[in-house]
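In the numbering used here, the protein residues as written are 8 to 318.
Positions of the beta carbon are idealized from the N, C-alpha and C atoms, including for glycine.
Reading through the structure tokens given below for one structure.
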Amino acid sequence: MLKTVYLRFVSIIVLTAIAVTVMISSLPLSTDICKCEELISDSKHEILHKSFQESSTSDKPKLAVLVPFRDRFDELLKFAPHISNFLTRQQIPFHIFVLNQNDRYRFNRASLINAGFLQVKDHYDYIAMHDVDLLPMNDNLKYEYPVDGPLHISGPEYHPKYHYATFIGGILLLRVDQFELLNGMSNRYWGWGLEDDEFYVRIKDAGLEVYRPRNISTGPENTFLHVHDRLHRRRDTVKCYEQREVTRRRDRETGLNTLLYSIERRYELTINQVPLTVLNINLQCDKTQTPWCECDSKIVSKSQTESKKKL
Ligand code: UDP
Ligand code: MN
């Protein structure tokens, strides 16, 4: 009798222990590791990128977003998710290429775009040369395939800073075959400015028309966000040697066919789930042609005094 009671007692204890173990193992390890908000926002991004992947297998023309870049990481963190969501809403198959100037010469926006173009031209139908600090805010700015000619998205009526009629900087879309026909951009522009104005003349000389988005009801204050503090991100406006004279002239010699560069490395990154490719580009400078790819401070002050004398 005593033995039966004892056996029952033991079996109840064993069964309870098994039940408790099963219950504990089915609970999450710890309740505070569920970052539910993150999971929700991740799945939102997945949806966006799924739609990109679906459309990228479609017959739609593919867009390479070419971003000339050096030391603008804060801007890139804003740019990548913004442009990805913007283009996904327009169902455009695209990929972002960050053209990171890795050499120690002055920044050369046009040569970086030439180099980026040569890397992507066999896999994409059109390019957007896209400043990293200019974010489109109006969904009616359509980044569509520019069938008829270069499509200037950031026109002078809507750009926050530049308002002259022939301005084509900021964001410009071109068909791959048309960029090739133009021999790309001039490689003579080291430092800030004028490379886009020279490109405008190339376009005109080739008999092409520049198109701009129509029916935009926003203005210069709210069509784009220009993430650019001029004191924090100073423009390199120094001029040395014959830079001032040469860069005011139309360049019929340099372009895609004379570009000297190498790709040091390629990185595949994601920023907030947005995939992008960083190309570390080493530009080469022919100092017999463009000695101003480096401006020695002594030469700068000398040439500035000389140009003052001339005035
Ligand atoms: N840029 C860069 N690092 C530099 C200078 C320029 O990445 O040191 C790139 C960046 O994409 C930038 C574009 O070149 O948006 C145009 O330069 P910037 O913004 O100085 O010209 P802005 O149009 O504001 O006069
Ligand atoms: Mn800027």
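| Asked | Found |
| --- | --- |
| Nonlocal neighbours in the same chain, by C-beta distance under 7 Å from T265, ignoring five residues either side | N194 |
| V154 classed as buried or exposed, judged by whether at least 16 other C-beta atoms fall within 10 angstroms | exposed |
| Residue environment, A71, which counts as buried when at least 16 other CB atoms sit within 10 Å | buried |
| heavy atom of the ligand UDP below 6 Å from D204 C-beta | no |
| Beta bridge counterpart(s) of F231 as assigned by DSSP | P143 |
| Three-pair Cβ contact test at 8 Å for the segment 210-230 versus the segment 118-125 | no |
| For D129 and D138, the rounded distance between their alpha carbons | 23 Å |
| Sequence ranges, beta strand (DSSP E) only - wholly within the segment 207-261, length at least 3 | 231-233 |
| Any non-hydrogen atom of the ligand MN within 6 Å of H235 CB | yes |
| 6 Å CB neighbourhood of R242 in its chain, flanking five on each side removed | W199 |
| Status (buried if at least 16 other CB within 10 Å, exposed otherwise) for Y171 | exposed |
| Check whether M192 and A135 have beta carbons under 7 Å apart | no |
| Length of the line joining the Cα atoms of D81 and Y150 | 24 Å |
| Reduced DSSP secondary structure (H/G/I, E/B, other) of N190 | coil |
| CB contact flag (H233, L290, <7 Å) | no |
| Inter-stretch contact (C-beta, 8 Å, three-pair minimum) for the segment 108-117 and the segment 293-302 | yes |
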